[in-house]
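Undergrad: Going by the numbering used here, 68 is the number at position 49 of the sequence shown; the sequence numbering is gapless.
We put the CB at the ideal spot given by N, CA and C, even for glycine.
Starting off with a structure, shown below.
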Amino acid sequence: MDKGDRVIFKLSNLQEKDTDMYYCQLNIMYPPPFRSPKGNGTLIIFQRKNNSTAFEVFQPNRVEANNSGVARLRCNYNFTGKGEEFRITLFRGISDQTIVCASSFHLPNTTFETKEGLFSCQGEASRNSVDLTISGMSSSDTDFYKCRVEIMYPPPYRQRVGNGTVIYIPEIQTCPKIESSMEWIFVAVSGCIIACTVIIIAAILVIRICQQNRKADYVDMSPVISEKRNSNNRYVIL
């Protein structure tokens, strides 16, 4: 309390979450009667200093994977201070509970590769961004994904989370290709069977026609032979 009947408070270690309305209450204990007046309140707003060491993480709103289930996501950050060791983490979902991939990296340039469950991630980090290539995704993995960048060294520790990106994975259409190939196989086999059947029927018809022609050309010689025998018997001397 100073000479002007004022009480001055100095608050430290405030964060963004501490932005709120604050009230002062003065209790007059002596002399009686007891009184407890309360002030009208002061709104204290925490504002981050816009200096060279501040940084933010930015992401695109939407990314579409290719037909092979591979998505490419760029996590941009604008940190211009001194940082040697960083860590990137990609979360799935609004609640940030499922880790898709995570890895530490050093600047100025570095590459890394990680595998978490069914996903595998390849990363390429530079001074202002981290390019992530996520493979092994399917249509059921379409969701909201967030990038978190951490400054591990030198102190102090700092971390920021991006605004999030919807990664859309189209459904892979594989069944129609299989059906079309099976259809071609069925057509080819059916064609072979029909062709063989036609050839066999044609061969049978040709054989029967040939047999009928042979019967038409055959001459019965038995009456001629019997007449010759009778004529010869006329000249037999008994």
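Can you name the residues that DSSP bridges to GLY142?
TA: PHE131, LEU151.
Undergrad: Rounded to whole angstroms, what's the CA-CA distance from ARG93 to VAL168? Just pull it up for me.
TA: Those two C-alpha atoms are separated by around 12 Å.
Undergrad: Along the chain, where does the beta strand (DSSP E) containing ILE118 start, and where does it finish?
TA: 117-125 is the extent of the beta strand (DSSP E) around ILE118.
Undergrad: Compute the minimum distance between the beta carbon of PRO174 and the heavy atoms of the ligand GDP, and state whether it is under 6 Å.
TA: What this structure holds is no ligand at all, so the ligand GDP is not there to describe.
Undergrad: Please determine, among THR152, VAL76, ILE47, the residue with the shortest C-alpha to C-alpha distance to ARG177.
TA: The option with the nearest alpha carbon to ARG177 is VAL76.
Undergrad: Once the 5 residues before and after ASP24 are set aside, which same chain residues still bring their CB inside 8 Å of it?
TA: Once the five neighbours on either side are set aside, ASP24 has no close Cβ partner at all.
Undergrad: Hey, out of PHE53, GLU190, ILE63, TYR49, whose CA is closest to SER31's CA?
TA: Considering only alpha carbons, the answer is ILE63.
Undergrad: Please confirm if the stretch 120-139 is in contact with the stretch 94-110, defined as three or more CB-CB distances below 8 Å between the two stretches.
TA: Output reads yes: the stretch 94-110 touches the stretch 120-139.
Undergrad: Figure out for me which residue from SER87, GLU103, VAL206, SER145 has the closest Cα to the Cα of GLU190.
TA: The shortest C-alpha separation from GLU190 is found at SER87.
Undergrad: By Cβ distance, which residues of its chain are closer than 6 Å to ILE186, with the 5 residues on each side in sequence left out?
TA: Around ILE186: VAL82, ALA90, TYR164.
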